[in-house]
Structures are given as C-alpha cells and as structure tokens.
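Read through the structure below, which is laid out as structure tokens, and then see the notes.
Residue numbers (my numbering): 6 to 499.
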C-alpha cells in the first residue's frame, strides 16, 4: 500500500523539472502585457511585470536545469504534477496584481485562479477604473487557461511521448484528435488561435473598440466571463454584440475534436454527436422556461421579445459556463429569484462540452447517464436473453460498458459532494440559500455568473472556498483527490 501512495525519487525530480519549465514559460508570458503598457502609456505598470518575470525565472530555471527528467511519469505522478502546477502557476500570475498595488495578494491569487480556470469572478471593486494593462492580463490569463496551462506547454515541450500523453490526460482531457498527443495539442492551439482571430473581427464589426474586441474574445472564447466594465456586456446596449458573444461562447464550449471534424468538412458529425443533441435540448428548454418566467413576472416589462433576449443570453452564458452577463447581479438576486435562478443554477452544474474550454459536469457525461437510464429501462422490457445495444455517437460510434457508466456516476456523485460541502460552508456566512446555491455552482463549474454574493469584501474563508472550487472544477476532481490521499497517507505514517 505504501508504494502505491508514494512517488519515487525519479518521478519527484521529473515533477520538479516540468514545474520549472512551466514557471519559466509563464515568466516569459508575463512580458507580453508590457506592450500594452507602452501603447497606453501606463509606464508605472511595467516594473511589476518585469519583477514578476524575474521571480518566475528565479524559481523556474534552476528547477528545470538541475532536476533530471529521465523517467516515465506514471498517470499518478502526472496527475500530481497537473494539480500542483495550477496552484503554482496562479501564485506566479498573482504577482502583477500584488506588485502593482492593484490588489492584496490573496485577492490577486483569487483573480489569477479565476482567470486561469476560466471562471470569471473578480476581486476588483470597480472594473470601470482598472488600467488597460491589468485588464489585458486578466483577459489573457483566461485565454491561456482556456487551452490549458499544461496543454499549451505540450505544444513546444520536448519530452518522452508517454509523459506527454499522461500529462495531457491529467489536465482533464481524454480525447485525441490525432494519434500523437503532441500533434493533438498543436491542433487544439491552431483551432483556438483561428477562432480567436475570427472572434476579434466579429466583435469589431459588431461595434466594439479594438481593445474591447480582443478582451471579450479572450473572455468569451475561453468561456471565462471576465468583463471590462461593471455592467459586463450590457454596457454596450448592442444586440449585435450580444449575438456575436453568444456565437463565440457556444464555439468555446464545443469539443475541440468536434471542431476539427467540422473544419475538415464533415458537418453532419456536428448534428449526429451526442453532445450537440444534449446541449441544444438543454439550451432550448432553458430559454423557453426562463423567457416564460421573465415575461409572466414582468421582470423587463410585459414584452416577450425583451424577455427572450435576456433569457437567451443568460441561458447560453450559463450552459457554456462563460459568465458574461446582460442581467446585473442585483437583478438576478432580487428579480430572477425562483424559476429563473433555479434554471441557471442547473445549467451551470451541467456545464459545457468535454475537451472544450468549459467546465461543469459536461454534456457528454449527462448524455451517457441519460442513455444509461434508458438502457436500464429498456432491458426490463425485452426478454431476459436479449441484449440491449449500448452505444453513443461522439465523433465516432462508441460502445459504453458498465465501467464507463460507473466512472461517470462516481464523477457526478463526487462533483455534487464537493458542491454540497462548499454550499454548507458559504451558508455559514451568507444565509441566502438561493444566492449561495447559485454562486457556488457558478464557482465550481468555472462559470462566473454573479449575483453579488462574492466580492472583495467577502470573508477570507469564503474567498478560499471559491478558490478551491475554481481549482477542483477545472481539474475535474480526480487529480486533487489523488493528491489529498497521497498527502494524508504520508502524513499519517510520520
């Protein structure tokens, strides 16, 4: 049992080596916002990014250089690495917020974790006065987090292929576009970059300034949800901008393997895929329910078209786990209470597509569980000797066995268990049950839709719970449970 729960020396050295690599890469990435500081003459913000880069390199280069990488990582050690590197990466990404005096370090860490995990909650008390350079860094962390810190590193990392494969799987991705994981990571980056350029152009054509177009592309495509203004997308009062945002959010929440298939010209696969079917059933059902709720309660006047407009945007934002808003937090708290906030909460928990930039339980798992229920009912209706075919179509025909159903069910149970514990802790500080259920779901599913509960003035404990939820939701629970078990076992043996 001890050997199962202990990493060997060579694996630990490899983890240190890869940690140094990621820290060095992040250090170099933090030089990019300096260009924005020069463009907008925010010269006082240049030193914080330079100092942050220096600190990152001081940490990263020795780890990368002096620790050997001569062993194959087990899936266990790869999962431990992925779990730890997100904590370390966010600790580094928080430095510019802290060194610039913009935020206290804990709030800066919250902002960095919210960015990298593509969640979208913010610790800034007033987004309207945040400098361009810091806004760019906020948006850019979401863009980086959308593709994944580890996956981004894999596109240029020279390492044994088995290590690359296991690190790719450890970050919550289990689908290949190409047989080679390195090629898969590169194709994901190419697709992501292509959609980035297209989205910027679409936002600009819809009426956004250039900087805003870049920022909201980073935010919407990564299904992140950071906003430039306190009013989020509502700031523009522009239907075309809302339509572009909806399109970009759906693109970001769609499986990269499905994107690749469609871009190769096979459009039929998109409509045959189980994730597409699940997502559009949920999308249309959610829009209809929320629109009827808003209309019947005259939330935005007794106007069906306005009700549909607000419903469509918030439902898409929730289901894609993006978090951009046209309904303000106080509206959600006081006007959407009841069916409106309930539907959004359920959609956030369900989440986006597998192997996408989104979070939540994922459309694929919901589809598998729904099919599993149907297969079980059908098996009771057919003769005992008959076999019920258990197949789904996800990019290709897949056979679903009992083990997959068990793992899917266990994940959903673990997810809801973490959700319940988080809700209980937050309820100690905030007694509004509906608001707490809503915002914890938003945090754990990496959404960022806000009702005004979590702010810069929230208790430290609540901030820490939300940070953990961001982290757990992004890595899909299993790597973090593994790290906790290994840590607990080694502590108890001392």
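We treat Cβ as the ideally placed atom computed from N, Cα and C, and that holds for glycine.
Whole-angstrom Cβ separation of residue i and residue j, contact assumed at under 8 Å?
| i | j | result |
| --- | --- | --- |
| residue 148 | residue 101 | With a Cβ gap of about 16 Å, residue 148 and residue 101 do not count as contacting. |
| residue 363 | residue 326 | 4 Å |
| residue 424 | residue 452 | At roughly 13 Å, the Cβ-Cβ gap does not stay under 8 Å, so residue 424 and residue 452 are not in contact. |
| residue 118 | residue 475 | 5 Å |
| residue 68 | residue 25 | 3 Å |
| residue 257 | residue 329 | About 11 Å separates the two Cβ atoms, so there is no contact after all. |
| residue 18 | residue 72 | 5 Å |
| residue 483 | residue 128 | Their Cβ separation, rounded to whole angstroms, is 28 Å, which puts residue 483 and residue 128 out of contact at 8 Å. |
| residue 459 | residue 471 | 6 Å |
| residue 151 | residue 237 | Incorrect: roughly 18 Å between the Cβ atoms, too far for contact. |
| residue 399 | residue 278 | 6 Å |
| residue 447 | residue 455 | 7 Å |
| residue 340 | residue 304 | 5 Å |
Can you name the start and end residues of the beta strand (DSSP E) that residue i belongs to?
| i | result |
| --- | --- |
| residue 397 | 396–399 |
Per DSSP, residue i is paired with what?
| i | result |
| --- | --- |
| residue 404 | 396 |
| residue 306 | 304 |
Where do the ends of the alpha helix (DSSP H) carrying residue i lie?
| i | result |
| --- | --- |
| residue 365 | Where residue 365 is concerned, there is no enclosing alpha helix (DSSP H), given that its DSSP letter is neither H nor E. |
| residue 264 | 261–268 |
| residue 101 | 100–104 |
| residue 475 | 465–480 |
| residue 128 | Run containing residue 128: none; DSSP gives neither H nor E here. |
| residue 532 | Any question about residue 532 goes unanswered here, given that the chain covers just 6 to 499. |
| residue 278 | Note, residue 278: premise wrong, no alpha helix (DSSP H); not H, not E. |
| residue 253 | 244–257 |
| residue 500 | Any property of residue 500 remains undetermined from this structure, which presents the chain solely from 6 to 499. |
| residue 440 | 438–449 |
| residue 453 | Per DSSP, residue 453 belongs to no alpha helix (DSSP H) and is neither H nor E. |
| residue 117 | 110–121 |
| residue 339 | 334–339 |
So is residue i in contact with chain C if we call contact Cβ pairs under 8 Å?
| i | result |
| --- | --- |
| residue 21 | Reference to chain C is not applicable here, since this structure consists of a single protein chain. |
Cβ pair count under 8 Å reaching 3, the stretch 268–287 against the stretch 354–367: yes
Enumerated in chain order, which unbroken segments of the alpha helix (DSSP H) with a length of 4 residues or greater are wholly contained in the stretch 32–97? 38–44 and 51–71
Of all the alpha helix (DSSP H) runs that stay within the bounds of the stretch 198–234, which reach a length of 4 or more residues? 215–226
Count the CB pairs spanning the stretch 57–76 and the stretch 97–112 that are closer than 8 Å, and state whether there are at least three. yes
Can you find at least 3 beta carbon pairs, one from the stretch 211–220 and one from the stretch 303–323, that sit closer than 8 Å? no
Please confirm if the stretch 34–41 is in contact with the stretch 124–143, defined as three or more CB-CB distances below 8 Å between the two stretches. yes
Are the stretch 200–207 and the stretch 240–259 touching by the rule of at least three beta carbon pairs closer than 8 Å? yes
With a cut-off of 8 Å, do at least 3 Cβ pairs link the stretch 244–251 to the stretch 332–346? no
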